[in-house]
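Quick note, this note's numbering runs 305 ahead of the 1-based positions in the sequence shown. Working notes for the structure below.
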Amino acid sequence: MSPLVLLCLVLAIVAIVLLVMYFMQRRELTGLGHVTSQIESMLSRPGPPSGRVYVDESEPRLMDLSQNVNQLISRAGQLAERYKASPKLFTLLADHSHESVLVHRKVILFANQQFASLLGIEREKLLGRNLADLVAPEFSDLVADVIAKQLEEQPTAERFEVEIVGFQAQVSRLELSVRRIDYEGAPALLITGVEMIQTSQVKALAEPTYAQELAESGLHSQLDLQSIEGHRASAAARVPSMALDSLGEAIITTDVDGQIDYLNPAAERLTGSTLGQARGKALGDIIVLVDPNDARALTDPVSQALATGAPVSLSRRAIMISRSEGDDRAIELSVSAMRGPGGEVAGAAVLIHDVTELRGVSRQLSYQATHDALTGLINRREFERRLEEAVLTARRGESTHVLCFVDLDRFKAVNDTSGHLAGDALLRDVARQLREAVRDSDTVARLGGDEFGLLLVGCPLDKARQIANDLCRRVSEFRFVWKDRVFQIGASVGLVELARESGSPDDSLAAADSACYMAKRQGTGQVIVYSARDEALARTTGDIHWLQKLQSALKDQRFELYLQPIVPALAASSGDGPSMEVFVRMRDEAGREIAAADFIRAAERYRLMGLIDRWVIEKTLDAIATRAIDPGGGGRCVSINVSGQTLGDTQFLEFVVDCLDRSGVPPSQVCFEMTETAVVANLDHARRFVGVLHGMGCRFALDDFGSGLGSFSNLRNLPMDYVKIDGSFTRNLGTDTVNQAMVTAMIKLARTLNFKVIAEQVEDGAALDTARRMGIDFVQGYIIARPQKLMLPAVAA
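Spelled out as structure tokens, the structure:
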């Protein structure tokens, strides 16, 4: 065969092959086009793709293609069905989360029940609203800015605090966390909020348990198994999966055999196990649940729920111990059975809420609410609660108890000489001494300052007296060392037996305080018993009710000021001195005036004179500043009484200086009157009080001069300006020669010390004439003028 013929034959074969390949390719392309048109027809219909793709069976390659496409169509339909059910799980779990949950784009697309409850509105009415419109105005711009930037994937705060304003004007403070997710095929924000717990709310939050809320809410109702299968089995379920993964609640699901098949990230963090480590295991394989009361292992709640189909809740009594890390956490756990399409139990959903921090905060706040921060003892509020219980059992005749009121002696000397740090250290040491002096069943409390209370439960009076005496001896033998100084203190104790005859807790506490006061007057280390019969008598006479009356009058501002003029005895005398004296009066609830001697005696007995004196000084200085009181010109001043109880208060001097500074009243317009007995009983405090204020320009008068025994020895030690002769010597001065002799001696002494003399309670003309002849400088009494009520301006009332 010639080369030319051979070449032609080869070219012909190649042409035939190319022609066959062309026709075969056209046929396949035609078949492929037919498949494409069928798929386009499916996609043009609403909803998920359905149906089948058909091709000519004589084309094997197209047959393989059609089978693969039909499998994809079937899987897509299954995933779509699961996707439709999956948001139901997200909604149910979000509604039972302790956090507020929102899905937000430009407006709210989803809100859980917790968030709706904070606002006091049905959650359907929240849809379509903007979160920025639901917060307090000062947070509105912040919320709007965060939402806009997060949607645009710009950097911004992912966690911040806001105040949410409810539709009944209630305000809740939330810490918000924001995360960008895909929701229903488009970007959105998952916003979760944790309510910031306030001290006053902890007790209320602790009462309804989480488990009760779950039980009442219906989460344990039959959950759709397809919802969970759709969530965890397909890529199409990532929309709610991302949302569930962002929730703070730990979520675990199991199959019908109790084997774990899903943990969200919160559950992974809480249990210390990843999904890969936990899959196929039982709940008890990754955590241990124990009872906190006795450390007893609890029954597996998942097995219970799967066996009975009923919800199981461990409430607030579970401790969870991670098997992988060994950490223990306080939790609330709830298990609900999940049911398949036919209603059969097909798995379990476990919700775990970590309450470790909340329980710790609750315990801490509960301790702080019932204990004194300085000493660690029970505080007054908790002591009064326990006292109320003891009084009730005593009045029912079930038992007798003893109440002790303890007041430290010479404590203020430590404060004054070494400062408050030393005083605080001393109080802590005394608290330890008191705890060691009583039985384990007894209550020791700090009632305030250097006062303590003891409640000796089921203790006979004789035994209580022995305990009190031992306590006094222990305190007196204790030596408090501060730096280079050693202090010895003491204690006075008042006892009250709580029995059938006992009055209210306030009555009993007031009686014990009164007994302690009497013990203190008898000297350090004394114990006085105020029996229940004495208390009953005091209640019968109405004396013990003064405590409530005085406290009520202070609270309701039922005190009034009266002014009585003080004038020079001779018209030609210098007017440089007091122009008036301020008196305090009290009215009862009906508006009737109460005799000054009655309420002042009771105020001193129940140690309330300090509060009353403060009220008088503050109101008087305000009245002088506003010209409601005019001291007069020429160096005149206004006299204000200071009780001995107030004089012994180390904080009173600072209070007076602060009032002078705040009111702007010149110190020279103020004269303080103190009785002899008050000065003698509080000599060290009186020296400091008089020395400081006298140096500032205030003036001082020794009131009731001549009624005590210590006047002559103590006058030269105090920079006094005036002595006020006691009314018992001036009342009958015109006719009583003994009084005249006494007053003459007092005047001579006052002149020797360069003091001016004031005669009070000058009631008649004869007494006034005698006072003038004897050289008394100022007179005061009914013969001059009776006290007149001061009408305080509205701003000062």
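Positions of the beta carbon are idealized from the N, C-alpha and C atoms, including for glycine.
Pull up the distance between the alpha-carbon of residue i and that of residue j, whole angstroms please.
{"i": "residue 1024", "j": "residue 798", "result": "36 Å"}
{"i": "residue 484", "j": "residue 405", "result": "14 Å"}
{"i": "residue 858", "j": "residue 892", "result": "8 Å"}
{"i": "residue 772", "j": "residue 1034", "result": "48 Å"}
{"i": "residue 634", "j": "residue 783", "result": "45 Å"}
{"i": "residue 952", "j": "residue 976", "result": "15 Å"}
{"i": "residue 1072", "j": "residue 871", "result": "15 Å"}
{"i": "residue 558", "j": "residue 488", "result": "22 Å"}
{"i": "residue 1088", "j": "residue 874", "result": "12 Å"}
{"i": "residue 536", "j": "residue 654", "result": "Below a pLDDT of 50, predicted positions are generally treated as unreliable, and residue 536, at 38, falls in that range; no measurement from the model is reported."}
{"i": "residue 1103", "j": "residue 459", "result": "With the chain running from 306 to 1102 in the structure shown, residue 1103 is simply not present."}
{"i": "residue 941", "j": "residue 478", "result": "58 Å"}
{"i": "residue 707", "j": "residue 733", "result": "24 Å"}
Assign residue i to one of three DSSP states: helix, strand, or coil.
{"i": "residue 466", "result": "strand"}
{"i": "residue 802", "result": "strand"}
{"i": "residue 946", "result": "strand"}
{"i": "residue 1092", "result": "coil"}
{"i": "residue 797", "result": "strand"}
{"i": "residue 855", "result": "helix"}
{"i": "residue 1008", "result": "strand"}
{"i": "residue 418", "result": "helix"}
{"i": "residue 1036", "result": "coil"}
{"i": "residue 1043", "result": "helix"}
{"i": "residue 563", "result": "coil"}
{"i": "residue 608", "result": "helix"}
{"i": "residue 884", "result": "strand"}
{"i": "residue 412", "result": "coil"}
{"i": "residue 1061", "result": "strand"}
{"i": "residue 432", "result": "coil"}
{"i": "residue 540", "result": "Reliability of the predicted coordinates at residue 540 is poor, the pLDDT of 30 falling under 50, and no value is obtained from them."}
{"i": "residue 570", "result": "helix"}
{"i": "residue 737", "result": "helix"}
State the start and end residues of the unbroken alpha helix (DSSP H) segment that holds residue i.
{"i": "residue 756", "result": "Element bounds for residue 756: not the alpha helix (DSSP H) but the beta strand (DSSP E), 756-761."}
{"i": "residue 1078", "result": "1070-1079"}
{"i": "residue 1000", "result": "988-1001"}
{"i": "residue 653", "result": "Looking at the DSSP string, residue 653 is not in any alpha helix (DSSP H); the run it does join, the beta strand (DSSP E), is 650-659."}
{"i": "residue 405", "result": "No alpha helix (DSSP H) holds residue 405; the beta strand (DSSP E) holding it covers 405-409."}
{"i": "residue 960", "result": "957-968"}
Applying the 10 Å Cβ sphere with the 16-neighbour rule, what's the burial state of residue i?
{"i": "residue 409", "result": "buried"}
{"i": "residue 1066", "result": "buried"}
{"i": "residue 1061", "result": "buried"}
{"i": "residue 956", "result": "exposed"}
{"i": "residue 954", "result": "buried"}
{"i": "residue 802", "result": "buried"}
{"i": "residue 498", "result": "buried"}
{"i": "residue 1044", "result": "buried"}
{"i": "residue 606", "result": "buried"}
{"i": "residue 643", "result": "buried"}
{"i": "residue 1059", "result": "exposed"}
{"i": "residue 1022", "result": "exposed"}
{"i": "residue 902", "result": "exposed"}
{"i": "residue 541", "result": "For residue 541, the predicted model reports a pLDDT of 32, less than 50, meaning its position is unreliable and no value from the coordinates is stated."}
{"i": "residue 820", "result": "buried"}
{"i": "residue 983", "result": "buried"}
Judging by CA-CA distance, which residue of the options is the nearest neighbour of residue i?
{"i": "residue 624", "options": "949, 637, 861", "result": "637"}
{"i": "residue 855", "options": "881, 825, 914, 805", "result": "914"}
{"i": "residue 602", "options": "931, 594, 487", "result": "594"}
{"i": "residue 753", "options": "686, 646, 812, 727", "result": "686"}
{"i": "residue 431", "options": "1022, 413, 596", "result": "413"}
{"i": "residue 738", "options": "727, 779, 434", "result": "779"}
{"i": "residue 568", "options": "588, 936, 730", "result": "588"}
{"i": "residue 711", "options": "933, 794, 428, 626", "result": "794"}
{"i": "residue 985", "options": "804, 1008, 897, 682", "result": "1008"}
{"i": "residue 1086", "options": "1068, 922, 579", "result": "1068"}
{"i": "residue 699", "options": "807, 811, 732, 1055", "result": "807"}
Go to residue i, then tell me how far its beta strand (DSSP E) extends in each direction, as first and last residue.
{"i": "residue 636", "result": "633-644"}
{"i": "residue 980", "result": "975-980"}
{"i": "residue 593", "result": "592-595"}
{"i": "residue 493", "result": "491-500"}
{"i": "residue 712", "result": "706-714"}
{"i": "residue 780", "result": "That residue, residue 780, is in no beta strand (DSSP E); its alpha helix (DSSP H) goes 766-782."}
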